Amino acid sequence: IHAEICEDVWVPIPPSTYAALAGATVLCNLSASNITIGKADYRRGLCASHSGRCVAAYLYTAAGAGESTTDLAWDGHAMIYENGSLLAESRRFASDEQVTLADIDLERLIQDRIRQTSFGDAIAVHRERLAGLRRVSFELELPAEVAGLERRVDRYPFVPSDPASRDERCYEAYNIQVHGLCKRLQAARIEKIVLGVSGGLDSTQALIVAARAMDRLGLPRSHVLAYTMPGYATSSRTYENAWRLMRALGVAAAEIDIKPSCGQMLRDIDHPFSAGEPIYDITFENVQAGERTSHLFRLANHHHAMVLGTGDLSELALGWATYGVGDHMSHYNVNASVPKTLIQYLIRWVIDAHEVDPATAEVLQSIVDTEISPELIPGADESDAPAQSTEAKIGPYDLQDFNIYYITRYGMRPSKVAFLAHHAWGDRRRGAWPPGTPVDRQRDYDLATIKRWLEIF
Numbered sequence: 050i051h052a053e054i055c056e057d058v059w060v061p062i063p064p065s066t067y068a069a070l071a072g073a074t075v076l077c078n079l080s081a082s083n084i085t086i087g088k089a090d091y092r093r094g095l096c097a098s099h100s101g102r103c104v105a106a107y108l109y110t111a112a113g114a115g116e117s118t119t120d121l122a123w124d125g126h127a128m129i130y131e132n133g134s135l136l137a138e139s140r141r142f143a144s145d146e147q148v149t150l151a152d153i154d155l156e157r158l159i160q161d162r163i164r165q166t167s168f169g170d171a172i173a174v175h176r177e178r179l180a181g182l183r184r185v186s187f188e189l190e191l192p193a194e195v196a197g198l199e200r201r202v203d204r205y206p207f208v209p210s211d212p213a214s215r216d217e218r219c220y221e222a223y224n225i226q227v228h229g230l231c232k233r234l235q236a237a238r239i240e241k242i243v244l245g246v247s248g249g250l251d252s253t254q255a256l257i258v259a260a261r262a263m264d265r266l267g268l269p270r271s272h273v274l275a276y277t278m279p280g281y282a283t284s285s286r287t288y289e290n291a292w293r294l295m296r297a298l299g300v301a302a303a304e305i306d307i308k309p310s311c312g313q314m315l316r317d318i319d320h321p322f323s324a325g326e327p328i329y330d331i332t333f334e335n336v337q338a339g340e341r342t343s344h345l346f347r348l349a350n351h352h353h354a355m356v357l358g359t360g361d362l363s364e365l366a367l368g369w370a371t372y373g374v375g376d377h378m379s380h381y382n383v384n385a386s387v388p389k390t391l392i393q394y395l396i397r398w399v400i401d402a403h404e405v406d407p408a409t410a411e412v413l414q415s416i417v418d419t420e421i422s423p424e425l426i427p428g429a430d431e432s433d434a435p436a437q438s439t440e441a442k443i444g445p446y447d448l449q450d451f452n453i454y455y456i457t458r459y460g461m462r463p464s465k466v467a468f469l470a471h472h473a474w475g476d477r478r479r480g481a482w483p484p485g486t487p488v489d490r491q492r493d494y495d496l497a498t499i500k501r502w503l504e505i506f
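Printed below as a string of structure tokens:
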């Protein structure tokens with residue numbers, strides 16, 4: 050903890066800057082600041098910026114009721130920022146006493162400092178100055194009872210939950226993908242893209258990005274060579290959605306039935322299915338995934354094109370992919386750093402923001418509403434419904450994307466991730482949902498369920 054006074058934070062190098070470099074994670078400011086019109090916003094900007102640059106919590110409190118108003122006025126402004134984000138703020142101009150309270154995640158701050166190499170560089174540059182700081186040790190007794198969490202934990206850490214910033218965040222997400230793909234095509238001197246379209250979320254997102262990349266490069270969308278490749282368990286719904294989407298986006302669309310080539314490979318390896326036995330093991334599944342990828346690469350050779358990968362971050366983190374010659378492999382993957390929950394949200398945004406015509410929006414809505422499934426194992430009945438549910442196998446993407454964020458971004462231990470997940474997901478009625486979240490997707494999970502899927506992760 051470090052304390053400074055009033056305009057210390059207004060100067061080019063506040064004293065708390067050196068304290069943060071020396072290891073202080075909580076920076077306090079006791080201020081006798083008076084209030085003028087517009088000053089509160091300036092304070093917020095100072096505190097937000099300083100807490101972000103110091104990767105610290107910044108606690109600011111200004112003088113308030115009780116001070117003389119002979120010459121000046123006071124608003125009692127108090128704020129708690131953590132690494133640039135506002136956690137809590139007092140009521141201004143209050144005549145009664147008030148407590149501004151928030152939970153600060155010190156471990157999160159330390160993890161961020163470890164990951165920010167420039168923070169360590171600054172410590173090295175100012176090593177002599179930091180050695181002169183005086184340190185006072187103290188002990189803080191923790192309460193015996195379990196305290197409630199006094200901070201908001203977003204259910205979807207990858208998804209913009211603020212309606213005001215929704216359009217900007219989605220605009221950024223799409224343009225990051227489009228810009229990256231355009232640059233890769235230009236660097237490789239390639240003007241055509243090959244990708245497989247399944248009628249699922251990931252290939253839909255990749256196809257939208259590919260079409261927009263062609264628009265950005267001034268090339269016809271017919272340079273996107275999209276193929277639907279039905280296998281043994283492809284449902285009529287995903288098959289039809291794939292065709293409708295390819296036609297709606299104006300790309301070059303074609304179909305390759307992979308069943309004959311899969312059958313040949315199954316016969317070559319003497320798999321029981323080739324003899325008529327209903328054996329749907331991992332080999333049976335991976336033969337289909339491998340054949341699809343093999344066809345795409347040969348098509349890319351044939352057309353001097355680039356194979357565009359479609360697998361998302363969630364699948365890659367969980368190992369939910371066919372390794373090698375399978376959906377694990379491509380020339381360039383625009384979805385590699387995009388989790389499943391964000392892909393769902395981005396497609397919904399395209400619909401809600403009227404980025405496409407009504408007919409295309411209808412197809413996209415059908416795709417978003419489709420059960421997530423690899424569709425590699427035939428169903429036991431004639432209902433045409435997928436026999437496989439991805440989330441039943443590897444867990445709800447709601448939880449797994451939550452786990453990905455807090456474990457890979459902050460290196461949190463599993464027990465803490467479970468605690469935060471239960472706070473975020475324990476009650477569907479608590480907190481706000483991102484705009485456009487369907488009612489049937491507004492779920493809650495008990496601690497046992499959270500722990501079960503965390504173990505899978």
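Residue numbering for the sequence shown follows my numbering, starting at 50 and increasing by one per position.
Even glycine gets a Cβ: it sits at the ideal position worked out from N, Cα and C.
Computed from a predicted structure; not experimentally measured.
In the three-state reduction of the DSSP assignment, E116 falls in the coil class.
By the Cβ-count criterion, L191 is exposed, with fewer than 16 other Cβ atoms from all chains shown falling within 10 Å of its own Cβ.
For I50, the three-state secondary structure derived from DSSP is coil. Of the residues I307, R178 and T371, the one whose Cα lies closest to the Cα of E340 is I307. Residue pairing of G358 in beta bridges, as defined by DSSP: N382.
Between H272 and E304, the beta carbon gap of about 19 Å keeps them out of contact (Cβ cut-off 8 Å).
Each residue's CA atom was taken as its position, placing I331 and G358 some 22 Å apart.
In the DSSP assignment, I242 falls within the beta strand (DSSP E) that extends over I242 to G245. Boundaries for E304: no alpha helix (DSSP H) harbours it, while the beta strand (DSSP E) harbouring it runs A301 to E304, taken from the DSSP string. At least 8 Å separates the beta-carbon of R479 from that of Q491.
Taking every protein chain shown into account, the CB of T118 has fewer than 16 other CB atoms within 10 angstroms, so this residue is exposed. Beta-bridge partners assigned by DSSP to S134: E131. Note on geometry: alpha-carbon atoms of E138 and A111 lie some 12 Å from one another. V488 carries a helical assignment under DSSP once its states are collapsed to helix, strand and coil. Here R261 has V227 as same chain residues with Cβ atoms under 6 Å from its own Cβ, once five neighbours each way along the sequence are excluded.
A distance below 8 Å separates the beta carbons of L95 and V58.
Going by C-alpha positions, D493 is about 5 Å away from G475. With three or more CB-CB distances shorter than 8 Å, the segment 379-394 counts as touching the segment 439-458. P309 is classed as exposed because its beta carbon has fewer than 16 other beta carbons within 10 Å across all chains shown.
A direct Cα-Cα distance of roughly 40 Å separates Y130 from A259. In this chain, V374 is not harboured by any alpha helix (DSSP H), its DSSP state being neither H nor E. The three-state reading of DSSP puts V75 in strand, counting E and B together.
Taking the Cα positions, D216 is about 12 Å away from I400. Counting every other CB atom within 10 Å of its CB across the protein chains shown gives E424 a total of 16 or more, marking it as buried. At least 8 Å separates the beta-carbon of Y329 from that of I421. Here the C-alpha atom of G169 lies approximately 8 Å from the C-alpha atom of I163. S100 sits close to Y107, with the two beta carbons spaced by under 8 Å. Here R204 is buried. Its C-beta has 16 or more other C-beta atoms within 10 Å. Residue range K88 to R102 is occupied by the alpha helix (DSSP H) that includes A97, with no beta strand (DSSP E) assigned at that position.
With a beta-carbon spacing of about 6 Å, S210 and A481 fall inside the 8 Å limit used to define contacts. In this chain, the beta strand (DSSP E) harbouring L274 covers V273 to T277. Exclusion of the five residues before and after R93 leaves M128 as the residues of its chain whose Cβ lies within less than 7 Å of its Cβ. A distance below 7 Å between beta-carbons, with the five flanking residues on each side excluded, links R293 to the following residues of its chain, in chain order: V412. Here the segment 457-465 makes no contact with the segment 368-384; the two share fewer than three CB pairs at distances below 8 Å.
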